[in-house]
Structures are given as structure tokens and as C-alpha cells.
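Order-wise, the sequence lines are chains A and B. With the first sequence counted from 1, adding 2 to any position gets you this note's numbering. With the second sequence counted from 1, adding 7 to any position gets you this note's numbering.
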Amino acid sequence: MAKPRELRRRIKSVENTRQITKTMEMVATSKLKRAQDRVIAARPYAAALAEIISDLHDPALVEQFPLLRRPKGGARRAAVVGITSNRGLCGAFNNNLIKEARARIKALEQEGAEVELHMIGRKGVGFFKYLGRPMAAEYRDITDRPTMDDATRVIDPLMERFAAGDLDVVEVVFAKFVSAMSTPATGFRVLPVDVERVERPEDSGAAANYILRPSAREIVGAVLPLYVRNAMYRALVETAASEQGARRTAMKNATDNAGDMIDNLRRSYNRARQGQITQEISEIVGGASALQG
Amino acid sequence: MHVTVIAPESAVFEGAADSVIAPAFDGEVGILPRHAPFMTLLGDGRLTVRQGEANHAFHVRGGFLQVVRDNVRVVAEHARAEE
Numbered sequence: 003m004a005k006p007r008e009l010r011r012r013i014k015s016v017e018n019t020r021q022i023t024k025t026m027e028m029v030a031t032s033k034l035k036r037a038q039d040r041v042i043a044a045r046p047y048a049a050a051l052a053e054i055i056s057d058l059h060d061p062a063l064v065e066q067f068p069l070l071r072r073p074k075g076g077a078r079r080a081a082v083v084g085i086t087s088n089r090g091l092c093g094a095f096n097n098n099l100i101k102e103a104r105a106r107i108k109a110l111e112q113e114g115a116e117v118e119l120h121m122i123g124r125k126g127v128g129f130f131k132y133l134g135r136p137m138a139a140e141y142r143d144i145t146d147r148p149t150m151d152d153a154t155r156v157i158d159p160l161m162e163r164f165a166a167g168d169l170d171v172v173e174v175v176f177a178k179f180v181s182a183m184s185t186p187a188t189g190f191r192v193l194p195v196d197v198e199r200v201e202r203p204e205d206s207g208a209a210a211n212y213i214l215r216p217s218a219r220e221i222v223g224a225v226l227p228l229y230v231r232n233a234m235y236r237a238l239v240e241t242a243a244s245e246q247g248a249r250r251t252a253m254k255n256a257t258d259n260a261g262d263m264i265d266n267l268r269r270s271y272n273r274a275r276q277g278q279i280t281q282e283i284s285e286i287v288g289g290a291s292a293l294q295g
Numbered sequence: 008m009h010v011t012v013i014a015p016e017s018a019v020f021e022g023a024a025d026s027v028i029a030p031a032f033d034g035e036v037g038i039l040p041r042h043a044p045f046m047t048l049l050g051d052g053r054l055t056v057r058q059g060e061a062n063h064a065f066h067v068r069g070g071f072l073q074v075v076r077d078n079v080r081v082v083a084e085h086a087r088a089e090e
């Protein structure tokens, strides 16, 4: 049986670990709150863009907008933008994102496309480095408070190349923020823009008879890039919020486990201590009776 | 007339107003209550929302402006309140 002193040392060490995980849980909780607020704050803009595109879009005009162009005979050149976090200690969060990114790459390759990988976040970059898969771009400097500028920096070069016909498909893999507990890794096709699937807000009512300046065509042409940029921004913001949610869950589990471990160790410690006392008493009694004898 | 100014990261302004002067792509447009349904692209410049005596000024760039049923919605790629 372990010595009481050793057990006491282990209890102390697990207690320290629990203190740390508990603090990290609280930090993640407060960051989650703020990240969640940013997700919600970004919604009106996305809704406004979706509404205007679905109001003004005319299926007959698809050919005129490069961002709607569908590759003929399948995609030949594709780009996958994978988003991961910069930090660990968030459970299977990054693993799930990496797994989904690899699944998307594989699916596109099976369709016969040449896939380039753009990776956001240290965890993903590190993984694909280790794997030895070349990346077309690596972003390690996007913080857990992503901005519109970050999104623009990532997606604009891809959008230009798509418009020029150099890319046929652009997909983003991100952690959808359903709730703090549910953050499924999700693949989303940002380009070509699928206008049929642009979510139309409920309350917008029938399309009014607008005076349009300069013209519906030019307005849609100008708004489509905004929509694509916004999709990228939302992917970044949702992933940031999901990361905090995943970290909170992971740290809560770690804290609970540490608590269970401390309970068990305490039990062993008490037993060992009691055993030692019993042994000492029996030794004393034995010694005394030997002297009397 | 109800006015909202929306930037990508959050809504910048929301409230009632008496008039809006916005920088459209081809020059300024003024919107008064009961304006006909209208949609235009925005340029780069100063957006003024007048509310009684108070003026709210914003710097906006890109995006569009939409007027429908006395709701003015300014959806700008960049929008920042001006002092």
C-alpha cells in the first residue's frame, strides 16, 4: 500500500490541477459569452444581405455573375479553407475540425478535383505540417476575436481566383455554433454562391416595387462579394464561439474528474493513515507484553 | 420613419428619424418619411441621420441602402460613428 506521505503529495498535486482547470473553465465561460454576443451581433447584416440577394436575384441572370458560375463537368480545381483554433485544451474540438476538413478534401478529390488547402489556426497548420501535406496558405495570426478584415484577407484572393476561373469550388470547414454544447464540424460551400439556398428571412414580406439604382443586376453584382465575405466572417466567428464552448465543456469534465480523483485518493490516504496507527499500536502493545513476559 | 445602420460585425444604429442623408454611389441622396421603395448602392462618405434636433453622423463605405414601408436600412461594409 502507498505511503500516506506520498498520497498526500498526490492529493495536493491533483488539487492544484483542479484549481487550474476550474479557472480555465471560468475564463472560457466569460469568453464564450462575449463570443456568443458577436455571433448574434453579426446576424442582422447577414440577414439583410440574404434578403436583398433573394429579392433581386433573377435565375435567368446566373451566367452574368462570375460568383455564381457552376463548373461544367465537375470541379477541376478546388480550395478547402479549414478553420481550427490556435490553442488546445478544448477536447476533441480541433480533431473534429481536422477530420471534417480531410473528409471534404477526400470527397473533392474523388470528384476528380485538385484540392489546395488553406489552413487557419495553429492546431490545423501543425497537424498538416506533421502529415506533410502542402498548404497553399497558413494563417496563425487570426485571434479568438476574428474581424471582418481577417475574413477579407482569407477569402478575397480566393474570390478573385474563382471569378477569374482559376478555382471551381471553395469550401469552408468550420465549427457551427448551434449551442455551447453542440458545435458540429461543418463543411460549407461558399463558392459558387448557391442562391437557391440563401436563407431568406421570414419577416421581409413580398418584394416591393423598388426604384433601383443603378440596376438590379449591378446591385446583386456588388452585394454578392459582400455575401461571400460575410459567410467567411460568420464561419470564423462561429468557430471562435464554438472553441470557447468546447473548452468550457472539456475543462468542466477535467474539473469533475479531478474532484473524483481527490475523493478516491483521500479515501486511500485515510485508510493508509489508519493502518499505520493500528500497526504502531500493535507494535507498542506487542513490545510491552514482550517486556512484561 | 425607422432607421437601422448595420455593419458586418454589429448593428451601429437603430431608432426613429426625421431624415437620412446618405452617400449613394453617384452622389448624396436624402430620404424623408414616406419615401417610395428604393434601393441603391452606397459609395464612400458621410451618413447623417437627423432625429429632431439631434444629428447622428456615420462614416460609411460600400454596401447598400434600402427603403421599404418607412423602414430605412443602411447596410454598409464599413460603418463607424463619427464624433
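Each residue gets a CB set at the ideal place from its N, CA and C atoms; glycine is no exception.
So with CB distances below 7 Å, who are the chain B contacts of residue i?
i, result
"Y212/A", "P44, F45, M46"
Rounded to whole angstroms, what is the Cα-Cα separation between residue i and residue j?
i, j, result
"E1/A", "A109/A", "Outside the displayed span of chain A (3 to 295) sits residue 1/A, for which this structure offers no information."
"L34/A", "A182/A", "8 Å"
"A256/A", "R20/A", "7 Å"
"E282/A", "K24/A", "40 Å"
"R250/A", "G126/A", "20 Å"
"P68/A", "D170/A", "11 Å"
"A18/B", "P46/A", "7 Å"
"P15/B", "K14/A", "49 Å"
"L70/A", "E60/B", "46 Å"
"G277/A", "I264/A", "19 Å"
"V117/A", "A77/A", "10 Å"
"A37/A", "A242/A", "7 Å"
"P227/A", "I55/A", "11 Å"
"M137/A", "V83/A", "10 Å"
"I211/A", "E65/A", "The amino acid occupying residue 211/A in the given sequence is Asn; Ile does not appear at that position. C-alpha separation (whole angstroms): 24 Å."
Where does residue i land, buried or exposed, given buried means 16+ other C-beta within 10 angstroms?
i, result
"Q246/A", "buried"
"N232/A", "buried"
"M28/A", "exposed"
"N96/A", "buried"
"A252/A", "buried"
"T145/A", "exposed"
"S291/A", "exposed"
"Y271/A", "buried"
"Y132/A", "exposed"
"R72/A", "exposed"
"V197/A", "buried"
"Q73/B", "buried"
Name the chain A residues that come within less than 7 Å of residue i, Cβ to Cβ?
i, result
"I13/B", "P46, Y47, A50"
Which chain B residues sit within Cβ distance under 9 Å of residue i?
i, result
"Y235/A", "P15, E16"
"R215/A", "A31, F32, D33, V36, F45, M46, T47, L48"
"I13/A", "Ordered by position in chain B, no residue passes the 9 Å Cβ test against I13/A, which lies about 47 Å from the chain."
"I221/A", "M46, T47, L48, F71"
Please compile the residues from chain B whose C-beta is within a distance smaller than 8 Å of the C-beta of residue i.
i, result
"A37/A", "Chain B residues near A37/A: none, gap ~13 Å exceeds 8 Å."
"I54/A", "M46, F71, Q73, V82"
"A43/A", "E16, S17, A18"
Is any beta-carbon of chain D found at less than 8 Å from that of residue i?
i, result
"A260/A", "Within the model displayed, chain D is absent; protein chains A and B are what it includes."
Please list the segments of the beta strand (DSSP E) lying wholly inside the segment 203-245 of chain A, counting only runs of 3 or more residues, in order along the chain. 213-215
Using Cβ-Cβ distances below 8 Å, what residues of the segment 56-84 of chain B are close to chain A? G69, G70, F71, Q73, V75, R76, R80, V82, E84
What residues in the segment 223-249 of chain A have a beta carbon less than 8 Å from any beta carbon of chain B? A224, V225, L228, R231, N232, Y235
Which runs of the alpha helix (DSSP H), 4 residues or longer, sit entirely within the segment 28-96 of chain A? 45-58
Within 8 Å of chain A by C-beta, residues of the segment 29-42 of chain B in sequence order: A31, F32, D33
Using a beta-carbon distance cut-off of less than 7 Å, what residues from the segment 150-174 of chain A approach chain B? M150
For the segment 33-71 of chain B, which segments carrying the beta strand (DSSP E) assignment without a break, of at least 3 residues, lie completely within its bounds, in sequence order? 34-38, 45-48, 51-58, 61-68
Of all the residues that make up the segment 246-279 of chain A, which are near chain B by a beta-carbon distance shorter than 9 Å? none
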